[in-house]
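In structure tokens:
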């Protein structure tokens, strides 16, 4: 998915009642490394001079980086289906207890 689609999915997940933690994957075009993160050392000081070692710098196919609109639609459909199933399961567990 592109960056805009990723942001839409992230926003959708953050607004959902059942989602408490959202983890964001690295961008494929510009992977994040240790250099972009703010780590605290033992003295609680920012350690900005960490080595940059991104794990995603190997070459990816264009089709893996830029997904088609159909794939993005499938992601939304799958999220909706999973949330409905989760809500059904949680509600039935509540009724059993």
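Numbering (my numbering), first residue to last: 12 to 108. We treat Cβ as the ideally placed atom computed from N, Cα and C, and that holds for glycine. No experiment lies behind these values; they were computed from the predicted model shown.
Rounded to a whole number of angstroms, what is the C-alpha to C-alpha distance between residue i and residue j?
| i | j | result |
| --- | --- | --- |
| residue 98 | residue 87 | 17 Å |
| residue 91 | residue 29 | 12 Å |
| residue 79 | residue 94 | 23 Å |
| residue 108 | residue 18 | 38 Å |
| residue 11 | residue 14 | Because the chain in this structure spans residues 12 to 108, residue 11 falls outside the shown range and cannot be described. |
Please look up how many angstroms separate the CB atoms of residue i and residue j, rounded, as I've assumed it's under 8 Å.
| i | j | result |
| --- | --- | --- |
| residue 16 | residue 83 | 5 Å |
Ordered along the chain, which non-local residues of its own chain (more than five positions away) have a Cβ less than 8 Å from that of residue i?
| i | result |
| --- | --- |
| residue 27 | 94 |
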